[in-house]
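Single-structure report; data block below.
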Amino acid sequence: MTEVKIELPVDDLPKSWYNILPDLPQPLPPPKEPETGPSRLEFLSKVMVKKCLEQENSDQSWVPIPEEIRELYIQAGRPRPLRRARRLEKFLKTPAHLYWKREDLSPTGSHKVNTALAQLFYASEEGREGVCTETGAGQWGTALSYASCLMGLKCVVFWVRNVHEWKVDRRTLMKMYGGEVHASPSNITEVGKSILQTNPDHPGSLGIAISEGLEYAGKNEGFVYCLGSVLNHVLMHQSVIGLETSEQFNIVGEQPDLMIGCFGGGSNFGGFTLPLIGEVVKRKRKCEFLAAQSLAAPNISQGEYRYDFADHAGKTPLLKMYTLGHNAEMPPIFGDGLRYSGASPILSLLRNLGYIKTKTYPVDEKVVFEATRIFLRTEGFLPAPESSYAIRAMIDEALKCKQTGEEKVIACNLSGHGFLDIFGYRKVLNL
Ligand SMILES: Cc1ncc(COP(=O)(O)O)c(C=O)c1O
9 MTEVKIELPV
19 DDLPKSWYNI
29 LPDLPQPLPP
39 PKEPETGPSR
49 LEFLSKVMVK
59 KCLEQENSDQ
69 SWVPIPEEIR
79 ELYIQAGRPR
89 PLRRARRLEK
99 FLKTPAHLYW
109 KREDLSPTGS
119 HKVNTALAQL
129 FYASEEGREG
139 VCTETGAGQW
149 GTALSYASCL
159 MGLKCVVFWV
169 RNVHEWKVDR
179 RTLMKMYGGE
189 VHASPSNITE
199 VGKSILQTNP
209 DHPGSLGIAI
219 SEGLEYAGKN
229 EGFVYCLGSV
239 LNHVLMHQSV
249 IGLETSEQFN
259 IVGEQPDLMI
269 GCFGGGSNFG
279 GFTLPLIGEV
289 VKRKRKCEFL
299 AAQSLAAPNI
309 SQGEYRYDFA
319 DHAGKTPLLK
329 MYTLGHNAEM
339 PPIFGDGLRY
349 SGASPILSLL
359 RNLGYIKTKT
369 YPVDEKVVFE
379 ATRIFLRTEG
389 FLPAPESSYA
399 IRAMIDEALK
409 CKQTGEEKVI
419 ACNLSGHGFL
429 DIFGYRKVLN
439 L
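Going by the numbering used here, the first residue of the sequence shown is number 9, and it counts up by one from there.
The structure is reproduced here in structure tokens:
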């Protein structure tokens with residue numbers, strides 16, 4: 009019987025990140041200034057980590073990972089195992105070979121630590137006092153609080169209010185790491201105050217929380233703004249996921265025909281797939297890529313491919329991406345990390361060129377969380393609500409293989425665990 013757990017020795021932790029920019033089939037449309045108002049690019053250069061902005065436009069395919077960051081990755085438990093879902097395959101009676109990458113094993117519960125550690129390392133090298141950020145599901149805020157705590161920096165988090173209210177335990181975890189947490193919209197920024205004036209019960213959105221974080225960084229010298237998704241450097245830091253996975257498939261002696269990830273802004277999907285997409289673009293091999301989303305926020309599935317702001321208040325430059333509109337209202341879901349208006353510009357371009365396919369699931373999350381239950385009862389581990397979308401899509405594809413008899417190799421990224429999200433499962437599954 010083939011191994012169910014494929015591990016890499018610590019020495020095989022990647023030594024470089026993969027940056028797909030030079031390998032893209034077409035140049036990435038650059039960020040643009042809007043027609044009116046102050047320069048957004050100049051503003052970003054003041055409030056963001058300089059090294060990350062430099063990486064944003066790197067023309068190198070391979071960017072060496074500083075030894076200190078590799079050590080932080082090892083401290084956080086990398087490399088992470090790849091698992092063969094033998095029991096799930098048996099339960100589904102599918103000829104497909106199913107694999108899942110264990111980003112749920114991170115200290116804070118998700119893949120977000122891969123970029124948080126890198127961003128904090130650079131912020132600390134630049135002599136910053138602290139970092140600030142937005143968070144939706146809370147996973148990014150926790151990852152940044154954790155990384156700040158390791159590097160001895162302060163961390164201020166603006167957390168989408170309606171999620172902040174129900175994820176009480178995750179809030180405590182963030183505070184235990186030393187994070188200063190504000191429900192967003194908050195009373196400590198002008199953007200937050202103006203929104204609260206018109207609606208004191210505003211549930212918040214990731215776009216609003218980003219505007220608050222940017223305003224805070226602009227007004228508090230010593231603080232820099234860190235983003236947990238969408239941008240090129242974030243996807244590059246996340247490429248450790250896909251690079252490890254490729255090595256693990258080499259060990260197993262088979263290669264994926266289909267790679268699946270859930271999709272909010274694109275960081276776990278991009279980190280998992282871009283090293284392979286790069287090879288497909290260069291025609292070195294074949295593989296398909298599938299992004300799983302909620303109909304609550306089908307940015308890359310149903311959005312328009314055009315220039316738009318990345319935040320509610322229009323403080324960012326315009327990015328060419330699939331967008332639902334930067335002020336779009338989106339219904340609440342428990343997989344809140346997937347509820348964002350825009351998709352990563354790199355992944356948007358690749359989707360536009362036909363390299364990425366998409367699948368959407370209903371807002372009530374029933375079929376998605378039923379897949380979580382199947383996965384839990386066969387494989388034994390509890391995915392985060394966001395990751396459950398990837399699991400659902402993998403099960404759907406495995407069931408198609410049952411019909412066709414195809415022995416497809418399917419890999420999905422389990423971007424996080426769901427131990428702090430049990431309430432969502434209780435509600436949707438009526439437990
Ligand atoms: C566990 C988990 N997976 C996925 C996502 C979606 O983000 P991204 O598309 O950037 O990976 C989030 C966002 O918070 C998350 O917490």
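All residues carry an ideal CB built from backbone N, CA and C; glycine is no exception.
Going by DSSP, Phe231 is part of the beta strand (DSSP E) stretching over Phe231 to Tyr233. Shown here, Pro74 sits in coil according to DSSP, grouped into three states, outside any helix or strand.
The continuous beta strand (DSSP E) containing Leu266 extends over residues Leu266 to Cys270. Rounded to whole angstroms, the Cβ separation of Gly424 and Asp319 is 24 Å, and the two are not in contact under 8 Å.
Beta-bridge partners of Arg291 (DSSP): none assigned.
The region 270–347 is shown to contain whole beta strand (DSSP E) runs of 3 or more residues at 296–302, 312–316 and 327–331, in chain order.
For Glu142, the uninterrupted beta strand (DSSP E) segment begins and ends at Gly138 to Thr143.
Short note on Phe277: C-beta closer than 7 Å to some heavy atom of ligand 1. CA-CA distance, Trp70 to Leu357, rounds to 20 Å.
When His210, Lys120 and Ser247 are compared, the shortest CA-CA separation from Ala392 is found for Lys120.
With 16 or more neighbouring CB atoms inside 10 Å of its own CB, Glu142 falls in the buried class. Judged by beta-carbon spacing, Ser24 lies within the 8 Å limit of Pro72, meaning their Cβ atoms are closer than that value. For Gly212, the shortest separation between its Cβ and any heavy atom of ligand 1 does not lie below 7 Å. Contact check between the region 80–87 and the region 241–257: three or more CB pairs, one atom from each, fall below 8 Å, which counts as touching.
When DSSP reads this structure, Leu422 sits in a beta bridge with Arg110.
If the five residues before and after Val288 are omitted, its C-beta is found closer than 6 Å to the C-beta atoms of Cys295, all from its own chain and listed in chain order.
Between ligand 1 and the CB of Gln147, the shortest heavy atom gap is smaller than 7 Å. DSSP places Thr44 outside both helix and strand once states are collapsed to three, so it counts as coil.
Counting only residues of its own chain and dropping the five nearest sequence neighbours on each side, Pro30 has a CB closer than 6 Å to the CB of Asp67 and Ser69. If the five residues before and after Gly230 are omitted, its C-beta is found closer than 8 Å to the C-beta atoms of Arg136, Glu137 and Gly138, all from its own chain and listed in chain order. The Cβ atoms of Lys367 and Leu298 sit closer than 8 Å to each other. Going by C-alpha positions, Arg291 is about 27 Å away from Gly413. Not one heavy atom of ligand 1 is found less than 7 Å from the C-beta of Phe389.
With respect to Tyr397, Gln301 sits close: the two C-beta atoms are nearer than 8 Å. Beyond the five residues adjoining it in sequence on each side, Ser309 comes within less than 6 Å, by CB distance, of Gln301, Thr366 and Thr368 in the same chain, given in chain order. Annotated three-state conformation of Glu15 is coil, per DSSP.
DSSP, read as helix, strand or coil, puts Phe166 in strand. Relative to the Cα of Phe277, the nearest Cα in the group Gly250, Asp265 and Pro264 belongs to Gly250.
Not a single heavy atom of ligand 1 lies less than 7 Å from the C-beta of Leu181.
In the displayed model, Arg385 falls within a helix according to three-state DSSP.
Distances between the C-beta of Cys140 and the heavy atoms of ligand 1 are all 7 Å or more.
Distance from the CA atom of Val164 to the CA atom of Lys183, rounded to whole angstroms, is 10 Å. Cβ atoms of Lys40 and Pro325 come within 8 Å of each other, at about 6 Å. Shortest gap from the CB of Phe427 to any heavy atom of ligand 1: 7 Å or more.
A straight-line Cα-Cα distance of about 20 Å links Pro193 and Asp177.
In the structure shown, His172 falls within a helical segment according to DSSP collapsed to helix, strand and coil.
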